[in-house]
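Protein chains: 2
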Amino acid sequence: MTEINSLKGFYDRYPEDYVSFRKLVDTVEETAKEFGFREINTPNVEKTDLYRVKSGDELLDQTYSFKDKGDREITLIPEQTPTRARLVQQRKDLKTPIKWYDTSKRWRYEDVQKGRDREFFQGDFDIFGVESVEADAEVIAAAATIYKKLGVEKRVNFLVNDRKLLESVLNSQGVEKTETAMKIIDDKEKMTGEEFLEELESEGLDTREAEKVDEVTSISGPIKETVEELKEKTPEAAEESVKRMEDLANALEAYGVEDLCRLDLSIVRGLAYYTGLVFEAFDTEGELRALFGGGRYDNLVGLFGDREVPAVGFAFGYSPTIELLKKEDKWPLKDVETDVYVLTVSEDVRDTGLEYAKKLRDHGLSVETDLTGRGFGGQLGYADSINAERVLIIGKRDLENNEVTMKHMESGEEEKLDKNEVINHLESENFV
Amino acid sequence: MTEINSLKGFYDRYPEDYVSFRKLVDTVEETAKEFGFREINTPNVEKTDLYRVKSGDELLDQTYSFKDKGDREITLIPEQTPTRARLVQQRKDLKTPIKWYDTSKRWRYEDVQKGRDREFFQGDFDIFGVESVEADAEVIAAAATIYKKLGVEKRVNFLVNDRKLLESVLNSQGVEKTETAMKIIDDKEKMTGEEFLEELESEGLDTREAEKVDEVTSISGPIKETVEELKEKTPEAAEESVKRMEDLANALEAYGVEDLCRLDLSIVRGLAYYTGLVFEAFDTEGELRALFGGGRYDNLVGLFGDREVPAVGFAFGYSPTIELLKKEDKWPLKDVETDVYVLTVSEDVRDTGLEYAKKLRDHGLSVETDLTGRGFGGQLGYADSINAERVLIIGKRDLENNEVTMKHMESGEEEKLDKNEVINHLESENFV
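Listed below in structure tokens is the structure:
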């Protein structure tokens, strides 16, 4: 018998792993709910053409794309944005703002390395239908709130920029080839200063322009301060872009997250479809991949139908966030737990044990009972292995005295309870 | 611009649909937790060989099976049982009983019809590692509890049988070809009485045997009564099988679900791998597909590795259960809801509005604010469209009087609140 194992880059999550993962998803979901993002659920398989609209055939090399038995070209979704664009186009009746959240799996056929799997979870938050800076602030605030809830917001650099602002600052400094520059700026952190300048010049910028690009993209600091700095240094930059960044800072302040964010003019995010705001977050030690990233993409939805719909959103990365939590000794978030294990001392009190289990479950507790017929010690060992908080011991002699025994597993203490007062007793302790 | 739509048999779930679906998943999950089933998460793609172990190449016609870019044969999971068997074999250290729960998507390439999609959700509950009747009872009790929580348990026929019991009863009546008979019994309800007898005879049973099969598989009734009936009618049937069914009835009684279940000797469930208990549930009007189904399969896990591991479990069908809830006017389970919409009367109080929103969110409420810059009426209309329970109205004049206005959307009533006492006020009402 050959054992068949899982595919490379695909993970089996046993309960002791998944309980923490699920707690993280719950935290993200709770944040989404508080901010009024509604949960959606979409197919895990789409027509391959959906991805050609945005990316041409290039992206397809990195996807799971096939022909199905009906000879249709299909793809396991590598991202949810095209699907969301399709959903927005399909329903003209949706009231704006459309605020959607979802956590689900994505698939990419890439080389497997640390933090890069072929099957992975991603969370998506988007607001469709509004162009306002308040919407920009809201998605950043939602993202930052997740890290606040996790208690690691101080270990995260939240970096914000606006492509239009960058463009107008570059223009004001006499740099014209901003589109070319942006592509290179996206890779700036991977290069030495010299390489960066060389790369810019090799793409047709002159030395003075290249130096200006380097100078401008080195600007980074608290948003409000940095905006003031920009106003002084480049008074020629478009007022509108500067004003929008100021408004963003004010809105972020009202959300209580402005002090966490920095304006960093080197952030452009590679994806060409961003049209204004861009933001991403890294661990402060710069060891991990981006924790999340997003921005405004006002022209994308229009590619998928006859309506132009502005949009702003971000994708939350579960794997890098878990790596961060591990570095901060905050992982696992939760252990597998059972509230009560009902231990039956002998065969003839088993059904009585099941009745107690039923009552406890009716009160919402997580309860396990013996399914194996093992003895006292075996049951107690199992109760310990599943981290049961309490063990309710049902014995024949106890029952004859109208009693049962409650064992507190952490302290090891035991107390006798009136056999009819178990629930009342647990209620008096606020255990149920 | 051609709009690209979703694949046939794949569904887009918008928030107004998904909120109820999610509530149903939560109910199933809550039940799993109360019974001590642990959530796992497994790959949505497996090596195709995993399915050949159990079913040969036959099942593969109905799956999404492909070659990936590395020329590996892969399959979108049509069911989770082989994956679970793989997981159990992989980890020799797992303590028994191993109790696993999960709700996730499955894919089958079949003709699309009502209640049969190509992508669908399924819930799986299994107990591995124990042969006891208590484990049998627990999975049935968990399944029945879901319907109790949904308030439709009286609209469901919970049908229980044991293949070994059926076999021994048939043997006691002189029927030898029980394996052949079982295959035909599985289709009994699709045939007339005459067709059933003909089919049995065409497969080699003589007339007397065929009639006995018909007679035995017509036995159906409350478990305890029916067991008594069997004892009388067929005293020759194996004591062990009869005793196990009696024990099951007692355990189900302790779980408080025995009165919901019937012993029905025509239930065999097609899948050849069931080795003892089998059960399934239908709506009482018999209009829908099986709501759930399962049984004991003690020999399956052994096919996937070097350990024999007994198992009992069931698969919960979301689609037919939703159909049942619709018939009972219990669907949707839930509406999209927002606790508070913060309405800002003018531009200059927007940031104040955001601060209120933050405070309310910090108390766990679902809050939306204006992202569009629209006027009073527009905001109120939007608040209504998202079913906001309350609207907190922030106006400049109110603020100057140290006040804000709380509007109750259902009654339309408004009350003025001290602008610093909003949270205290909501707390006094138990709203937060």
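Just so you know, the sequences run in chain order A and B. Residue 200 in my numbering sits at position 200 of the first sequence, with consecutive numbering throughout. Residue 74 in my numbering sits at position 74 of the second sequence, with consecutive numbering throughout. All residues carry an ideal CB built from backbone N, CA and C; glycine is no exception. Nothing here was measured: the structure is a model prediction, and the numbers come from that model.
Integer-rounded CB distance, given that residue j should sit under 8 Å from residue i
i, j, result
"leucine 435 (chain B)", "aspartate 136 (chain B)", "Lying outside 1 to 432, the shown extent of chain B, residue 435 (chain B) is not represented and no answer is given."
"glutamate 34 (chain A)", "arginine 361 (chain B)", "4 Å"
"leucine 50 (chain B)", "tyrosine 64 (chain B)", "The pair is not a contact, with the Cβ atoms about 14 Å apart (cut-off 8 Å)."
"serine 385 (chain A)", "lysine 95 (chain B)", "5 Å"
"tyrosine 255 (chain B)", "alanine 143 (chain B)", "At roughly 11 Å, the Cβ-Cβ gap does not stay under 8 Å, so tyrosine 255 (chain B) and alanine 143 (chain B) are not in contact."
"proline 320 (chain B)", "glycine 129 (chain B)", "The pair is not a contact, with the Cβ atoms about 30 Å apart (cut-off 8 Å)."
"alanine 251 (chain B)", "valine 133 (chain B)", "6 Å"
"threonine 369 (chain A)", "leucine 380 (chain A)", "So it is not a contact: roughly 13 Å between Cβ atoms."
Contact under 7 Å by Cβ, residue i with residue j
i, j, result
"arginine 155 (chain A)", "aspartate 283 (chain A)", "yes"
"tyrosine 356 (chain A)", "alanine 383 (chain A)", "no"
"aspartate 184 (chain A)", "valine 268 (chain A)", "Residue 184 (chain A) is actually isoleucine in this sequence, not aspartate. Against a cut-off of 7 Å, the Cβ pair of valine 268 (chain A) and isoleucine 184 (chain A) comes out as no contact."
"glycine 317 (chain B)", "leucine 291 (chain B)", "yes"
"isoleucine 393 (chain A)", "leucine 343 (chain A)", "yes"
"valine 391 (chain B)", "lysine 407 (chain B)", "yes"
"leucine 170 (chain B)", "valine 216 (chain B)", "yes"
"glutamate 3 (chain B)", "glycine 305 (chain A)", "yes"
"serine 346 (chain A)", "lysine 396 (chain A)", "yes"
"valine 301 (chain A)", "valine 88 (chain A)", "yes"
"valine 152 (chain B)", "glutamate 328 (chain B)", "yes"
"lysine 54 (chain A)", "proline 82 (chain A)", "yes"
"threonine 42 (chain A)", "aspartate 12 (chain B)", "yes"
"alanine 210 (chain B)", "leucine 197 (chain B)", "yes"
"glycine 313 (chain A)", "valine 139 (chain A)", "yes"
"cysteine 261 (chain B)", "valine 160 (chain B)", "yes"
"arginine 289 (chain A)", "threonine 275 (chain A)", "no"
"lysine 359 (chain A)", "isoleucine 423 (chain A)", "yes"
"glycine 221 (chain A)", "valine 112 (chain A)", "no"
Contacts of residue i in chain B (Cβ-Cβ under 8 Å)
i, result
"proline 15 (chain A)", "Arg38, Glu39, Ile40, Trp100"
"arginine 289 (chain A)", "Going along chain B, no residue has its Cβ under 8 Å from arginine 289 (chain A), so there is no contact; the nearest lies around 21 Å."
"leucine 365 (chain A)", "Glu34"
"threonine 103 (chain A)", "Here the premise fails: no neighbours, minimum Cβ distance about 12 Å."
"arginine 457 (chain A)", "Chain A is shown from 1 up to 432; residue 457 (chain A) falls before or after that span and cannot be answered."
"arginine 269 (chain A)", "Correct list: empty, because the minimum Cβ distance to chain B is about 22 Å."
Chain-ordered neighbours of residue i on chain B, where CB pairs are closer than 7 Å
i, result
"glutamine 89 (chain A)", "Glu3"
"proline 78 (chain A)", "Per Cβ cutoff of 7 Å: no residues; proline 78 (chain A) is ~13 Å from chain B at best."
"tyrosine 109 (chain A)", "Asp68, Lys69"
"tyrosine 64 (chain A)", "Asp68"
Amino acids of chain A, ordered along the chain, whose beta-carbon sits closer than 7 Å to that of residue i
i, result
"tyrosine 18 (chain B)", "Glu39, Ile40, Asn41"
"aspartate 49 (chain B)", "Ile4"
"threonine 178 (chain B)", "Correct list: empty, because the minimum Cβ distance to chain A is about 28 Å."
"serine 441 (chain B)", "Missing from the structure shown is residue 441 (chain B); chain B here goes from 1 to 432 and no further."
Chain-ordered chain A contacts of residue i [CB-CB under 9 Å]
i, result
"glutamate 119 (chain B)", "Pro43, Asn44, Val45"
"isoleucine 127 (chain B)", "Leu371"
"alanine 135 (chain B)", "Leu371, Thr372"
"arginine 86 (chain B)", "Glu3, Ile4, Asn5, Ser6, Asp12"
"serine 132 (chain B)", "Asp370, Leu371, Thr372, Gly373"
"lysine 95 (chain B)", "Gly381, Tyr382, Ser385, Ile386"
"arginine 244 (chain B)", "What arginine 244 (chain B) touches in chain A: nothing, since even the nearest Cβ is about 14 Å away."
Neighbouring residues, chain B, relative to residue i (Cβ below 9 Å)
i, result
"proline 332 (chain A)", "In chain order: nothing, as chain B lies at least about 14 Å away."
"alanine 251 (chain A)", "Arg350, Asp351, Leu354"
"valine 336 (chain A)", "Arg38"
Close-in-space but distant-in-sequence residues of the same chain around residue i (CB under 6 Å, 5 per side omitted)
i, result
"glycine 123 (chain A)", "Val28, Thr103, Phe316"
"histidine 363 (chain B)", "Val432"
"glutamate 337 (chain B)", "Asn387"
Chain-order list of residues whose beta-carbon lies under 7 Å from that of residue i (same chain, five-residue window excluded)
i, result
"tryptophan 100 (chain A)", "Phe37, Arg38, Ile40, Arg84, Asp126"
"arginine 108 (chain A)", "Gln62, Thr63, Pro78, Arg118"
"aspartate 398 (chain B)", "Val404, Thr405"
8 Å CB neighbourhood of residue i in its chain, flanking five on each side removed
i, result
"tryptophan 331 (chain B)", "Ser20, Ile322, Leu325"
"lysine 149 (chain A)", "Thr27, Glu30, Thr31"
"isoleucine 177 (chain B)", "One point to set straight first is that residue 177 (chain B) is lysine, not isoleucine, in the sequence displayed. The answer, listed in chain order, is Glu203, Gly204, Leu205, Glu209."
Contact set between residue i and chain A, taken where Cβ atoms lie within less than 8 Å
i, result
"glutamate 138 (chain B)", "Thr369, Leu371"
"arginine 72 (chain B)", "Leu7"
Give the residues from the segment 255–266 of chain A that approach chain B closer than 8 Å (Cβ to any Cβ), ordered along the chain.
Tyr255, Gly256
Chain A contacts made by the segment 359–389 of chain B, where a contact means CB separation under 8 Å:
Arg361, Gly364, Leu365, Ser366, Val367, Glu368, Thr369, Asp370, Leu371, Thr372, Gly373, Tyr382, Ser385, Ile386
Give me the subset of the segment 146–169 of chain A whose CB atoms are less than 8 Å from a CB atom of chain B, sorted by chain position.
none
Members of the segment 395–411 of chain B near chain A, C-beta cut-off 8 Å:
none
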